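Residue numbers (the numbering used here): 168 to 513. All residues carry an ideal CB built from backbone N, CA and C; glycine is no exception. Bear in mind that the values here come from a model prediction, so they are computed numbers and not experimental data. This report concerns only the one structure given below.
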Amino acid sequence: MAQTSALPAALSEKDLNAPMRLSKHDTSTYWGRVFDFQQRINPRFMFVSETEARTSAKIVSLARQGKWRELRHLGIDEKKLQKFCLVAQSTINASDNSVIHPLFRLAAFCPVNIPIGGGMLLARPTFANSVFWQWVNQTYNACFNWANGNRCSSADAAHDRNDIIKGYIAAVCLSVGLAVSLNGMLARSKSQGVARKLLQAVVPYTAVATANFGNTALIRGQEIQKGIPVYDADKTQVGISKKAATQAVINTGISRVVLPIPALLLPYPVMSVFNALLPITRTNAFIRVGMELSVIFGCLFVGLPLAVGMFPEYGEMDVDDLEPELQKELRRSDEAIQKVYFNRGV
């Protein structure tokens, strides 16, 4: 934990117990979430150690419990708290407080997808290339979905692993099948020039977007089958809901359909502009490839927060929309609960 420090003499009892904001952005709005996620995709969070991640999570836990006085005794002001919160949100799975592997953190998504996006866009659209790059992409997506999804404790861990493996195989088969079919259509197409270039971008996008949604649903299908924790306004767990799980997976799937748009559809028109302004990109292969990979990274870096910020990190549902048995349980225990909240996952 952070070292203690002397409290400023000017702080009154009221000031010591005054709440602090966990984010400098208003995450109840779309653009607030976009700017918040923009901070969290900083690649430096890939290198946060497990010790630092768990320390940050403990400090954020104190804040969520409203222990403002204790935090100030630790020398933590609002600015420091927001930094700890960024570290915790970027490295910890909120459903079980496990530390996310560095390669599957949100901060790793852009760097890891540079070679993947480059392979999809720059490799010749042959059968072997389509199979290989779709397999690589969906393998990474499956690992990313699992690492960032909701995970309830379960006694039947072996059964959970089997579900994940089945979901992974189905997702890869879906992705590869789509890519091969669409590339076959492209090969038979008589389009030339700009139209063909655009088709070469649209084909991988269609395959990736469809497979992304399927991958999310298949890998996180056990959440829908078993339900995920739902919480009251104080973040106290009040039950397990399959309907909340369904909403969480659908929202995440929609954001995954939007996510590939900047990375797979924008590089070609952007590179066309660069080629017109900088003729050297047409004649020097090294510079051209470097420029194309830079454009892919830029599109991912801008597009990722725009996609994942579409829905709040914690979704909400009216109690009336939950399972009947859970409704009865909640109304029996606390008549005041009107809404419950759930972790959507990234």
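Rounded C-alpha distance that separates residue i from residue j
i: Arg272; j: Leu183; result: 34 angstroms
i: Ala337; j: Leu238; result: 47 angstroms
i: Gly351; j: Leu341; result: 15 angstroms
i: Thr413; j: Ser223; result: 30 angstroms
i: Thr218; j: Gly233; result: 23 angstroms
i: Gln392; j: Met438; result: 45 angstroms
i: Leu473; j: Lys410; result: 26 angstroms
i: Ile208; j: Ser190; result: 15 angstroms
i: Glu480; j: Phe204; result: 10 angstroms
i: Val339; j: Thr258; result: 26 angstroms
i: Arg236; j: Pro186; result: 9 angstroms
i: Phe478; j: His192; result: 15 angstroms
i: Gly512; j: Lys357; result: 43 angstroms
i: Met484; j: His268; result: 30 angstroms
i: Phe453; j: Ile447; result: 10 angstroms
i: Leu365; j: Trp300; result: 19 angstroms
i: Gln305; j: Leu431; result: 15 angstroms
i: Glu496; j: Glu390; result: 21 angstroms
i: Leu493; j: Val462; result: 49 angstroms
i: Ala275; j: Ala220; result: 16 angstroms
i: Ala255; j: Gln206; result: 12 angstroms
i: Val303; j: Ser297; result: 10 angstroms
i: Leu445; j: Gly465; result: 18 angstroms
One or two residues paired with residue i in a DSSP bridge
i: Pro396; result: Ile407
i: Asp485; result: Lys506
Test item: CB-CB of residue i and residue j under 8 angstroms
i: Ala362; j: Gly420; result: no
i: Asn418; j: Gly470; result: no
i: Ala371; j: Leu288; result: Sequence inspection shows Pro at residue 371; the Ala mentioned does not correspond to that position. Contact: yes.
i: Gly406; j: Val397; result: yes
i: Arg387; j: Asn264; result: no
i: Ala374; j: Leu345; result: yes
i: Asn379; j: Pro427; result: yes
i: Cys310; j: Leu467; result: no
i: Val475; j: Ser422; result: yes
i: Asn510; j: Ser262; result: yes
i: Arg200; j: Lys402; result: no
i: Ala503; j: Val424; result: no
Backbone secondary structure at residue i - three-state DSSP
i: Leu426; result: coil
i: Asn418; result: helix
i: Phe478; result: coil
i: Asn184; result: coil
i: Lys495; result: helix
i: Ser195; result: coil
i: Asp203; result: helix
i: Glu390; result: helix
i: Glu459; result: helix
i: Gly512; result: coil
i: Arg272; result: coil
i: Ser342; result: helix
i: Asn442; result: helix
i: Ser348; result: helix
i: Ser190; result: coil
i: Ser179; result: coil
i: Leu433; result: coil
Min CB distance residue i to chain B below 8 angstroms
i: Ala309; result: Among the protein chains of the structure shown there is no chain B, as only one such chain exists.
Original post:
Which runs of the alpha helix (DSSP H), 4 residues or longer, sit entirely within the segment 208 to 270?
Top reply: 217 to 231, 235 to 240 and 245 to 258
Original post:
Counting only runs that start and end within the segment 281 to 336, where is the beta strand (DSSP E) found for 3 or more residues in a row?
Top reply: none
Original post:
At which residue ranges does the segment 350 to 386 contain complete alpha helix (DSSP H) runs of 4 or more residues, listed in the order of the chain?
Top reply: List check, alpha helix (DSSP H) in window: 360 to 386.
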